[in-house]
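Add 2 to the 1-based position in the sequence shown for this note's numbering, that's all there is to it.
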Amino acid sequence: MQIIKSKENLAAALARLREGGRALAMVPTMGALHEGHLALVAEAARRADKVVASIFVNPLQFNDAGDLERYPRDEEGDAAKLESAGCDAVWMPTPADLYPEGFATTVHVAGITEAWEGAHRPGHFDGVATVVTKLFTNVAPDVAVFGEKDYQQLALIRRLTVDLDLGVEIVGLPTVRAEDGLALSSRNALLSVEERAAAVALPRALDEMARAIGAGASPREAEAAARETLQSAGFGPIDYVAYVDGDTLEPLKSAREGARIIAAASLGKVRLIDNRAG
3 MQIIKSKENL
13 AAALARLREG
23 GRALAMVPTM
33 GALHEGHLAL
43 VAEAARRADK
53 VVASIFVNPL
63 QFNDAGDLER
73 YPRDEEGDAA
83 KLESAGCDAV
93 WMPTPADLYP
103 EGFATTVHVA
113 GITEAWEGAH
123 RPGHFDGVAT
133 VVTKLFTNVA
143 PDVAVFGEKD
153 YQQLALIRRL
163 TVDLDLGVEI
173 VGLPTVRAED
183 GLALSSRNAL
193 LSVEERAAAV
203 ALPRALDEMA
213 RAIGAGASPR
223 EAEAAARETL
233 QSAGFGPIDY
243 VAYVDGDTLE
253 PLKSAREGAR
263 IIAAASLGKV
273 RLIDNRAG
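So this is what it looks like as structure tokens:
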């Protein structure tokens with residue numbers, strides 16, 4: 003596996019990967035990789051001839067400089083994991099590679115980013131949209147694979163790619179979960195033993211919410227019941243539990259095909275997000 007650490011070497015590396023007209027898939031990451039990320043690489047390898055991953059802790063996504071500083075970094079370990087998963091190259095750009103001196107452009111996807119995570123993390127999705135645009139224009143992959151766990155992020159990337167004619171097929175991979183159903187996340191390691199045991203209430207509440215709506219309950223009733231379940235398990239604050247349109251993320255008042263159930267809630271000092279098909 004080739005490790006690319008400068009933008010100057012990127013074009014030549016991509017040309018070698020594309021020799022003979024081979025299709026290229028991309029898996030953008032911020033590092034701190036777990037089995038969920040490696041599943042994205044495996045899916046990318048099924049969809050293209052060559053796979054390039056990126057590792058870049060994007061400063062534009064962080065509202066708090068302290069959070070950016072504390073974000074876990076393990077380039078050597080992440081590279082080893084990517085190689086074992088079948089990745090052909092990994093690009094590790096620097097902030098100067100993507101945001102050189104004088105950089106003054108921000109990409110904003112209206113509507114889809116204002117509520118839910120957007121309301122709790124102002125500016126976060128502008129950072130996501132900007133970095134994904136930069137990564138796609140530099141690498142020009144044929145396909146890119148993202149996890150469904152960050153569902154609002156996935157929805158904005160789909161919208162962004164269409165609106166800007168980026169020509170990248172966006173694939174959403176179902177959330178990879180632990181045996182008890184909790185979505186895999188680097189944040190899970192911050193949970194205490196007791197909190198980790200309680201955390202499974204989140205996916206279970208969403209499953210029960212989907213069953214209730216399918217059986218005829220109103221989304222508002224099901225949302226209220228899910229909140230009660232989470233509160234009883236020790237979650238709080240509960241930022242949102244919502245039944246929304248799977249494309250626009252607008253709240254729905256009745257059951258609809260293609261709906262999504264999304265939630266974000268804190269357990270102790272750890273904020274967890276999850277979603278499932280409605």
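Beta carbons are placed, not taken as given, at the ideal position from N, Cα and C, and that holds for glycine.
Problem - Sub-8 Å separation of residue 197 and residue 272 beta-carbons - result: Yes, Cβ-Cβ distance for residue 197 and residue 272 is below 8 Å.
Handout entry: Rounded separation between residue 121 and residue 138 - CA only
Key = Distance between the alpha carbons of residue 121 and residue 138: 26 Å.
Exercise for the section: Provide the residue span of the alpha helix (DSSP H) that contains residue 114, from first to last. Expected result: No alpha helix (DSSP H) contains residue 114, which DSSP labels as neither H nor E.
Practice task
Report yes if the C-beta distance between residue 148 and residue 174 is below 8 Å; otherwise report no.
Solution key: Yes, these two residues count as a Cβ contact at 8 Å.
Exercise for the section: Assign residue 86 to one of three DSSP states: helix, strand, or coil. Expected result: Correct three-state label for residue 86: helix.
Problem - Straight-line Cα distance separating residue 32 from residue 245 - result: Their Cα atoms are separated by approximately 29 Å.
Practice task
In the DSSP assignment, find the alpha helix (DSSP H) that holds residue 196 and state where it starts and stops.
Solution key: Start and end: 195 to 201.
Exercise for the section: Give the DSSP-derived three-state secondary structure of residue 58 in the structure shown. Expected result: It is coil, neither helix nor strand.
Practice task
Taking all protein chains shown into account, decide if residue 11 is buried (16 or more other Cβ within 10 angstroms of its Cβ) or exposed.
Solution key: Per the 10 Å Cβ criterion, exposed.
Problem - Nearest to residue 216 (by Cα), restricted to the options 195, 263, 200 and 242 - result: Nearest C-alpha to residue 216: 263.
Handout entry: Burial state of residue 56 (16 or more Cβ within 10 Å)
Key = Label assigned to residue 56: buried.
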